[in-house]
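First up is the structure itself, then whatever we jot down about it.
Residue numbers (our numbering): 1477 to 1604.
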């Protein structure tokens, strides 16, 4: 039995944040909380910190953010969550490192305990 087609802009992950990459097609999706979408569209938020067992994206990769559209990943690098600075927090949409770290600990508490690695994913919106 064939599954019905699902819209790329709507679906179960529309207003969730799993902190993972979702592979619905050849271009994986990055999922974000709604509160970040306006900053991504305006270019104020140009990166995200994700915790993964292994790197799941690469520089130059095309991706998609539901509610925003296509993006191009420009860098993916492993980072130490405890060493993040205010300079790291600003392009991630946070006023300072303390706020960024608190959000990461809230979202990823179990992954941090399980030893997942933190990766900075830098991106920009692209027109189709």
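Backbone N, C-alpha and C fix where the C-beta goes; we use that ideal spot for every residue, glycine too.
If the criterion is Cβ atoms closer than 9 Å, does the pair residue i and residue j meet it?
i	j	result
residue 1592	residue 1511	no
residue 1557	residue 1583	no
Nearest CA to the CA of residue i: which residue from the options?
i	options	result
residue 1544	1583, 1576, 1590, 1521	1521
residue 1509	1541, 1519, 1536, 1537	1541
residue 1533	1559, 1552, 1573, 1576	1552
residue 1531	1594, 1599, 1576, 1601	1594
Alpha carbon to alpha carbon, how far is residue i from residue j?
i	j	result
residue 1603	residue 1566	24 Å
residue 1488	residue 1507	Residue placement at residue 1488 is poorly supported in this model, since its pLDDT is 37, which falls under 50; the coordinates are not used for a value here.
residue 1496	residue 1564	Below a pLDDT of 50, predicted positions are generally treated as unreliable, and residue 1496, at 47, falls in that range; the measurement from the model is reported next regardless. Computed Cα separation, rounded: 20 Å.
residue 1597	residue 1527	11 Å
residue 1537	residue 1505	11 Å
residue 1585	residue 1579	10 Å
residue 1548	residue 1588	27 Å
residue 1500	residue 1539	Residue confidence for residue 1500 is low, a pLDDT of 48 falling below 50, so the modelled location carries little weight; the figure read from the coordinates is stated next. Distance between the alpha carbons of residue 1500 and residue 1539: 11 Å.
residue 1601	residue 1513	11 Å
residue 1519	residue 1559	24 Å
residue 1572	residue 1515	16 Å
residue 1574	residue 1581	11 Å
residue 1561	residue 1590	23 Å
residue 1550	residue 1576	21 Å
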